[in-house]
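This report concerns only the one structure given below.
Residue numbers (my numbering): 385 to 703.
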């Protein structure tokens, strides 16, 4: 009976452990670091292909936000950045902008154009000012091929940036990797990040899972997953006392207060001696700036200056 209860308890604990999910989040500063790195990569690619700077690219055009249902359209068609089964955790899509002027031709079966077609058409217009689907044109233009090649090169650079070793073609829209975004990738606290950048009238969107984000951001990780925690390597921790050792601290040594009647006070002259009701064997009270008692002390002399010798507080001095 006891063994059965123990097995049930062990099974329940195992099920709870498997059902547990670490909560991962990124601060605004960490997301800014990620966006800046994509911006640098995008600027290098744009310069290599001779693409003009867009109207919003005087500064940064890349935005990084947490990937969750409020920011990501899960049901739209996404393309896996890596070839394979789609488990690499990186997906991209192109969403038409508000002032989009790009109109790509339909697919060979009359279906919607792929993300590669939409992205390539925007690059084609940016490079050559040529419509991606001119009237009466059925065969691909040279400009269209250049636009698609530029998009493939951009995706290849993203793959290398995310740590890919081998080269691979951008997945075709006929492959199963052109599908809806995995639901678990956009759950709240999943750690996945949505990167958005202006794409010459459209918006290029890249979703990467927490594994990629942790590797790219480095040691500045915020997560409840203990196994994924890493120590910051940029600056080692310093003990508090060592860090504050150079900070100045003002202290005041106090005698017992002097009380004078008004008649004595009005008759005081320079040179008069006033008796202070503070016995020689009685220590002074040493306080810090906020008035809190720190210790007690005795007056003395150190070389040619006055000095105090510090002693710990006693019960009578604290009253």
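All C-beta atoms in this analysis are idealised placements derived from N, C-alpha and C, irrespective of residue type, glycine included.
Quiz prompt | 6 Å CB neighbourhood of residue 636 in its chain, flanking five on each side removed | solution = Same-chain partners within the cutoff: 671.
Quiz item: Expressed to the nearest angstrom, what Euclidean distance is found between the alpha-carbon atoms of residue 413 and residue 527?
Solution: Taking the straight line from one Cα to the other gives about 40 Å.
Quiz item: Just how far apart, CA to CA, sit residue 464 and residue 624?
Solution: Residue 464 and residue 624 have their alpha carbons spaced roughly 48 Å apart.
Self-check item: Where residue 679 sits in the DSSP three-state scheme
Solution: Looking at residue 679 - three-state DSSP - the assignment turns out to be strand.
Exercise. Please classify residue 460: does DSSP put it in a helix, a strand, or coil?
Key: Of the three classes helix, strand and coil, the one that applies to residue 460 here is coil, per DSSP.
Self-check item: Candidates 673, 694 and 647: closest to residue 632 by CA position
Solution: Looking at the Cα atoms, 673 is the closest of the given residues.
Quiz prompt | Contact belief for residue 569 with residue 593 at Cβ below 8 Å, rounded distance in angstroms | solution = About 6 Å; that satisfies the 8 Å criterion.
Exercise. Could you give the DSSP three-state label for residue 507: helix, strand or coil?
Key: When DSSP states are grouped into helix, strand and coil, residue 507 belongs to the helix group.
Quiz item: Between which two residues does the beta strand (DSSP E) carrying residue 541 extend?
Solution: For residue 541, no beta strand (DSSP E) run applies; the uninterrupted alpha helix (DSSP H) run containing it begins and ends at 526–545, by DSSP.
Quiz item: Which term fits residue 667, buried or exposed, when burial requires 16 or more other beta carbons within 10 angstroms of its beta carbon?
Solution: Its Cβ being crowded by 16 or more others within 10 Å, residue 667 is buried.
Quiz item: Under a three-way DSSP split, which group does residue 626 fall into?
Solution: Here residue 626 sits in helix by DSSP.
Quiz item: Hey, out of 417, 590 and 684, whose CA is closest to residue 602's CA?
Solution: Closest by alpha carbon: 417.
Quiz item: What is the DSSP secondary structure of residue 689, reduced to helix, strand or coil?
Solution: Note: residue 689 maps to strand in three-state DSSP.
Quiz item: Nearest to residue 532 by alpha carbon, out of 541, 500, 676 and 588?
Solution: Nearest of 541, 500, 676 and 588 to residue 532, Cα basis: 500.
Exercise. Assuming residue 599 and residue 547 form a contact by the criterion Cβ under 8 Å, report the distance between their Cβ atoms to the nearest whole angstrom.
Key: Yes, residue 599 and residue 547 are in contact; Cβ-Cβ is about 6 Å, under 8 Å.
Quiz item: Nearest to residue 577 by alpha carbon, out of 437, 431, 426 and 453?
Solution: Among 437, 431, 426 and 453, the Cα nearest to that of residue 577 belongs to 453.
Exercise. In the DSSP assignment, find the unbroken alpha helix (DSSP H) run with residue 580 in it and report its ends.
Key: Here residue 580 belongs to no alpha helix (DSSP H); instead the beta strand (DSSP E) covers 577–583.
Self-check item: Where residue 507 falls, given that 16 or more other Cβ within 10 Å makes a residue buried
Solution: Using a 10 angstroms sphere on the CB of residue 507, the tally of other CB atoms reaches 16 or more, which defines it as buried.
Quiz item: residue 653: buried (16+ other C-beta within 10 angstroms of its C-beta) or exposed?
Solution: Around the beta carbon of residue 653, fewer than 16 other beta carbons lie within 10 angstroms, which makes this residue exposed.
Exercise. Report the rounded CA-to-CA distance for residue 409 versus residue 449, giving the unit in angstroms.
Key: When the Cα atoms are used, residue 409 and residue 449 turn out to be separated by approximately 10 Å.
Practice problem: Just tell me which of 644, 697, 479 and 474 has its CA closest to the CA of residue 497. | Solution: Nearest neighbour of residue 497 by Cα position, chosen from 644, 697, 479 and 474, turns out to be 479.
Quiz item: Which residues in the same chain as residue 684 place their Cβ atom closer than 8 Å to its Cβ, once the five residues preceding and following it in sequence are excluded?
Solution: Closer than 8 Å at Cβ, skipping near neighbours: 690, 691, 692 and 693.
Quiz item: Alpha carbon to alpha carbon, what distance is there between residue 680 and residue 687?
Solution: Whole-angstrom Cα-Cα distance: 21 Å.
Quiz prompt | Contact belief for residue 586 with residue 535 at Cβ below 8 Å, rounded distance in angstroms | solution = Wrong, their Cβ atoms sit about 11 Å apart, outside the cutoff.
Quiz prompt | Cα-Cα separation, residue 447 to residue 626 | solution = Each residue's Cα considered, the two are about 39 Å apart.
Quiz prompt | Own chain, CB closer than 7 Å to residue 573, minus 5 neighbours either side, in chain order | solution = Excluding its 5 nearest sequence neighbours in each direction, residue 573 has C-beta neighbours in its own chain below 7 Å: 407, 408 and 409, listed in chain order.
Quiz item: Quick one, which of 430, 462 and 511 has its alpha-carbon nearest residue 590's?
Solution: Of the listed residues, the one whose Cα sits closest to residue 590 is 462.
Quiz item: Measuring CB to CB, does residue 566 end up less than 9 Å from residue 476?
Solution: Against a cut-off of 9 Å, the Cβ pair of residue 476 and residue 566 comes out as no contact.
Quiz prompt | Secondary structure of residue 426, DSSP reduced to three states | solution = DSSP places residue 426 in the helix class (H, G or I) of the three-state scheme.
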